[in-house]
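Per my numbering, residue 1 is the first one in the sequence shown, and the count goes up by one each step.
All C-beta atoms in this analysis are idealised placements derived from N, C-alpha and C, irrespective of residue type, glycine included.
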Amino acid sequence: MLCAPRLVRAPRPIVLAALLCAVGEFVLMVPIWWPALLFGLKYNWTGKLFSILVSLLVIYKFKWVSPLETGLVRPQPGSWRVVGAVVAGLATVQLVSALITQGYGPSQAWESFWYQLTMPGIAEELFFRGTLLGLLGRAFPRNLPFLGTRTSWGGVVSVLLFVLAHGVTFRTGPLQVVPQVQFWPGQVADLVLWGTLFLWVRERSGSCFAAMATHNLINSCLVVGRALVR
Numbered sequence: 001m002l003c004a005p006r007l008v009r010a011p012r013p014i015v016l017a018a019l020l021c022a023v024g025e026f027v028l029m030v031p032i033w034w035p036a037l038l039f040g041l042k043y044n045w046t047g048k049l050f051s052i053l054v055s056l057l058v059i060y061k062f063k064w065v066s067p068l069e070t071g072l073v074r075p076q077p078g079s080w081r082v083v084g085a086v087v088a089g090l091a092t093v094q095l096v097s098a099l100i101t102q103g104y105g106p107s108q109a110w111e112s113f114w115y116q117l118t119m120p121g122i123a124e125e126l127f128f129r130g131t132l133l134g135l136l137g138r139a140f141p142r143n144l145p146f147l148g149t150r151t152s153w154g155g156v157v158s159v160l161l162f163v164l165a166h167g168v169t170f171r172t173g174p175l176q177v178v179p180q181v182q183f184w185p186g187q188v189a190d191l192v193l194w195g196t197l198f199l200w201v202r203e204r205s206g207s208c209f210a211a212m213a214t215h216n217l218i219n220s221c222l223v224v225g226r227a228l229v230r
């Protein structure tokens with residue numbers, strides 16, 4: 001609904017963003033539909049790699065959006081002073097929170113750590129705060145004040161889609177019409193918080209790489225904290 005008014009004025013980026021979301025969800029779910037592609041691992045490494053490949057093709061092959069628009073640039077000079085302090089504080093909160101929750105089993109700990117250290121941050125930030133935000137940036141002006149920086153309604157949409165992507169799935173197969181929805185209030189609040197943080201880091205630093213590093217740090221703190229209580 002947020003995108004509907006802009007569909008008339010700037011149809012191409014909105015349509016491409018919708019197509020990107022559909023393709024991104026499809027390639028992410030392929031290993032879930034055909035478990036052999038998981039290669040016996042607990043996490044969906046293959047789906048995340050497919051997602052990264054789609055984003056890179058969109059940027060460098062099909063040129064739907066440019067590297068600059070996706071934030072594949074160095075962080076702006078001086079931005080890490082503020083960004084680093086905020087991220088370090090929230091990472092500490094995440095670690096402490098994880099220490100008081102139930103940990104992963106020993107057989108899962110190492111795969112969990114290496115997966116969370118790499119895949120979600122790279123794949124999801126390249127998609128949500130990279131290609132998707134870059135496309136939506138062509139339709140929505142960056143004119144919303146946002147904690148010392150600016151974002152757009154495209155940024156708001158990217159956070160909402162980030163939340164939905166973690167609870168709305170098509171697990172039974174590619175022909176599934178009605179998705180499975182698995183949300184609870186605590187999960188939604190958590191996803192909104194982190195999605196907003198990653199967007200802020202992206203906008204404040206001007207770099208998708210900074211958002212990737214932040215995402216992977218937050219996820220790694222969760223895994224390390226839970227592993228330490230075992």
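Comparing C-alpha distances from residue 29 to each of 184, 171 and 154 shows the shortest one belongs to 171. Around the beta carbon of residue 45, 16 or more other beta carbons lie within 10 angstroms, which makes this residue buried. Membership of residue 150 in the beta strand (DSSP E) is indicated by the continuous run 149-151. Taking 8 Å as the upper bound for CB-CB distance, residue 181 and residue 195 are not in contact here, some 18 Å apart. Inclusion of residue 151 and residue 203 in the CB contact set at 8 Å is warranted, their separation being smaller than that value.
Relative to the Cα of residue 129, the nearest Cα in the group 69, 47 and 16 belongs to 69.
When secondary structure is reduced to three states using DSSP, residue 144 falls in the strand class.
Contact between residue 24 and residue 127 holds, since their C-beta atoms are separated by about 6 Å, short of 8 Å. No alpha helix (DSSP H) of 4 residues or more sits fully in the region 156-204.
For the 8 Å CB-CB criterion, residue 215 and residue 124 form a contact. Sequence-distant Cβ neighbours of residue 184 in its own chain, meaning closer than 8 Å and more than five residues away, do not exist here. Taking a C-beta distance under 8 Å as the contact criterion, residue 31 and residue 38 qualify as a contact pair. In terms of Cβ geometry, residue 222 and residue 94 form a close pair [threshold 8 Å]. Following the DSSP letters along the chain, one finds residue 44 in no alpha helix (DSSP H), marked with neither H nor E. The alpha-carbon of residue 212 is positioned some 5 Å away from that of residue 121. A straight line joining the alpha-carbon of residue 49 with that of residue 43 spans about 12 Å. For residue 12, the enclosing alpha helix (DSSP H) stretches over residues 11-33.
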